[in-house]
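The block underneath contains the structure these notes are about, expressed in structure tokens.
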Amino acid sequence: MSDGSKPTVLVIGAGGHGGTGARVVEQLLAHDRDVRLFLRSRGAHVDRLVEQGVQVVIGDLMDRRTLVEAVRGVDAVYFAYPIAAGAVPAAANLASALRSEGVSPHLVVMSMGPSAAGSPSALGRAQWVAEEIFTWAGFEPTILRVAALFYENVLVLHGHEIRQTGRFANSFGTGPAPWISGRDAADLAVAALVDPDRFADAKVSYPPGSTLLSHVEVAEVISAETGRAVEFEPVSQRDWQARLEATANDSPGVVNTAMAQHISAVGAMAASRAGAAIMPNPQWLEGIIGHPPVSFADFVREHREEFTPLQA
Numbered sequence: 001m002s003d004g005s006k007p008t009v010l011v012i013g014a015g016g017h018g019g020t021g022a023r024v025v026e027q028l029l030a031h032d033r034d035v036r037l038f039l040r041s042r043g044a045h046v047d048r049l050v051e052q053g054v055q056v057v058i059g060d061l062m063d064r065r066t067l068v069e070a071v072r073g074v075d076a077v078y079f080a081y082p083i084a085a086g087a088v089p090a091a092a093n094l095a096s097a098l099r100s101e102g103v104s105p106h107l108v109v110m111s112m113g114p115s116a117a118g119s120p121s122a123l124g125r126a127q128w129v130a131e132e133i134f135t136w137a138g139f140e141p142t143i144l145r146v147a148a149l150f151y152e153n154v155l156v157l158h159g160h161e162i163r164q165t166g167r168f169a170n171s172f173g174t175g176p177a178p179w180i181s182g183r184d185a186a187d188l189a190v191a192a193l194v195d196p197d198r199f200a201d202a203k204v205s206y207p208p209g210s211t212l213l214s215h216v217e218v219a220e221v222i223s224a225e226t227g228r229a230v231e232f233e234p235v236s237q238r239d240w241q242a243r244l245e246a247t248a249n250d251s252p253g254v255v256n257t258a259m260a261q262h263i264s265a266v267g268a269m270a271a272s273r274a275g276a277a278i279m280p281n282p283q284w285l286e287g288i289i290g291h292p293p294v295s296f297a298d299f300v301r302e303h304r305e306e307f308t309p310l311q312a
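Residue numbers (the UniProt record's numbering): 1 to 312.
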């Protein structure tokens, strides 16, 4: 393992869904860990992290050769694959590089609730296979299938239409769903990285969300916090997937066609059942992360400008 006095943690997925990766890095530094980032490119924000002592390895999960230097001598690995195609070859390349370097780190996987062999989401099925690869390779990963939607989804998937029209639509229906902030999800991962015994009872954990909100209530909170009426419209899975695919084709970026199929299928599955499969438990969550969970109203206040129209 690492030759230094502090454990070295390799962070793969520094962008991370919901901004989790950046928070993971911040909190690992606060816990006196050496942090090594595996990134596809380097920008000003990375330069600031380097000034704090963070190591950076530039590479690509689809190119196994670039992973060899990244995994050398690490004590722990945080793996968070984006909501996009490619999780299976990424996991295979990482597992292969770790085995070839003779490294057996504590591996924490930031997964998703719909990760399952029979998931209606193609990305959910792929994520399940990726997790199986780590197990087959002998790493006994800690898998965190967070059983909640991220607050950040509202901005990623609906921010533009909320700003432009004051309305948003998806296939989740009008029933309640569990939610969590990206910050709190990241802190769950850090807890698993710095104190593995927290999740030692089960290879796969389903950490609960912090609150239960329907999308109608999400719209009401945004309205109350911004002083502007925002409405939610339930639509079919097919309709929402088509809208997301159009967005992905017209403005390539965070939203992609694989994500369109994934999130619309997850929404339809949620709409078809009464209530959450795993109920939120803010008290349990606070006990793990060490602070009260972020509320959705807090999140909207922090991102208020991103929910309101640009001023001329």
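We put the beta carbon where it would ideally sit given N, CA and C, even for glycine.
Fair warning: this is a prediction, and the values are worked out from it, not measured in the lab.
Taking 7 Å as the cut-off, is the beta-carbon of residue i closer than that to any non-hydrogen atom of the ligand HEM?
i, result
"Val50", "This structure does not include the ligand HEM; it has no bound ligands of any sort."
Would you verify that the beta carbon of residue i is, or is not, closer than 8 Å to some beta carbon of chain D?
i, result
"Asn93", "The chain labelled as chain D is not found in the depicted structure, where only one protein chain is given."
According to the Cβ coordinates, are residue i and residue j closer than 8 Å?
i, j, result
"Thr142", "Val88", "no"
"residue 379", "Leu188", "Since the first residue of the chain shown is 1 and the last is 312, residue 379 is not available in this structure."
"Gln116", "Met259", "Contrary to the premise, residue 116 reads as Ala rather than Gln in this sequence. Not a contact, by the Cβ cut-off of 8 Å."
"Val56", "Val46", "yes"
"Ile133", "Ala200", "no"
"Asp75", "His106", "yes"
"Pro178", "Ala44", "no"
"Ser119", "Gly267", "no"
"Pro114", "Gly173", "no"
"residue 313", "Leu94", "Summary: the structure shown does not reach residue 313, with the chain confined to residues 1 through 312, and so no result is reported for it."
"Trp284", "Pro208", "yes"
"Ala185", "Val146", "yes"
"Val9", "Arg33", "yes"
"Glu225", "Val300", "yes"
"His262", "Leu123", "yes"
"Asp54", "Val35", "For the sequence presented, residue 54 should be read as Val rather than Asp. Cβ distance < 8 Å, so Val54 and Val35 count as in contact."
"Gly138", "Tyr81", "no"
"Ser181", "Tyr206", "no"
"Val156", "Val216", "no"
"Gly73", "Thr66", "no"
"Ala248", "Thr257", "yes"
"Trp240", "Ser272", "no"
Measuring CA to CA, which of the options is closest to residue i?
i, options, result
"Tyr78", "Thr20, Gln52, Asp47 and Val46", "Thr20"
"Ala97", "Asp63, Ser121, Gly86 and Pro82", "Asp63"
"Gly227", "Ala297, His262 and Ser41", "Ala297"
"His158", "Arg145, Pro82 and Glu231", "Glu231"
"Arg167", "Trp179, Val154 and Gly175", "Val154"
"Arg183", "Ser210, His160 and Val194", "Ser210"
"Arg243", "Ile12, Gln27, Ala169 and Trp128", "Ala169"
"Gln27", "Met279, Val194, Lys6 and Val216", "Val194"
"Ala90", "Gly73, Arg238 and Ala130", "Ala130"
"Asn281", "His215, Ser272, Gln164 and Pro292", "Pro292"
"Arg23", "Ala271, Ala229 and Val190", "Val190"
"Met279", "Leu149, Thr66, Arg99 and Ser111", "Leu149"
"Ser223", "Pro309, Met112 and Ala248", "Pro309"
"Met112", "Glu306, Arg125 and Gly102", "Arg125"
"Ala270", "Ser295, Gly86, Ser236 and Arg198", "Ser236"
Which one or two residues does DSSP pair with residue i in a beta bridge?
i, result
"Phe232", "Phe168"
"Asp34", "Thr8"
"His160", "Per DSSP, none; premise fails for His160."
"Tyr78", "Val11 and Val108"
"Ser96", "Ser96 is not bridged to any residue."
"Ile180", "Phe150"
"Pro208", "Ala147"
"Leu39", "Ile58"
Under DSSP, the alpha helix (DSSP H) around residue i begins and ends at which residues?
i, result
"residue 387", "With the chain running from 1 to 312 in the structure shown, residue 387 is simply not present."
"His106", "Run containing His106: none in the alpha helix (DSSP H); it sits in the beta strand (DSSP E), His106 to Met110."
"Ile263", "Thr257 to Ser272"
"Arg282", "The residue you asked about is not Arg; residue 282 is Pro in the sequence shown. Unbroken alpha helix (DSSP H) run through Pro282: Pro282 to Ile289."
"Arg125", "Ala122 to Trp136"
"Thr247", "Gln237 to Asp250"
"Phe299", "Phe296 to Glu302"
"Val103", "Premise fails: Val103 is in no alpha helix (DSSP H) and is neither H nor E."
"Ala70", "Leu67 to Val71"
State the start and end residues of the unbroken beta strand (DSSP E) segment that holds residue i.
i, result
"Thr142", "Thr142 to Leu144"
"Thr211", "Thr211 to Ser214"
"Val57", "Gln55 to Ile58"
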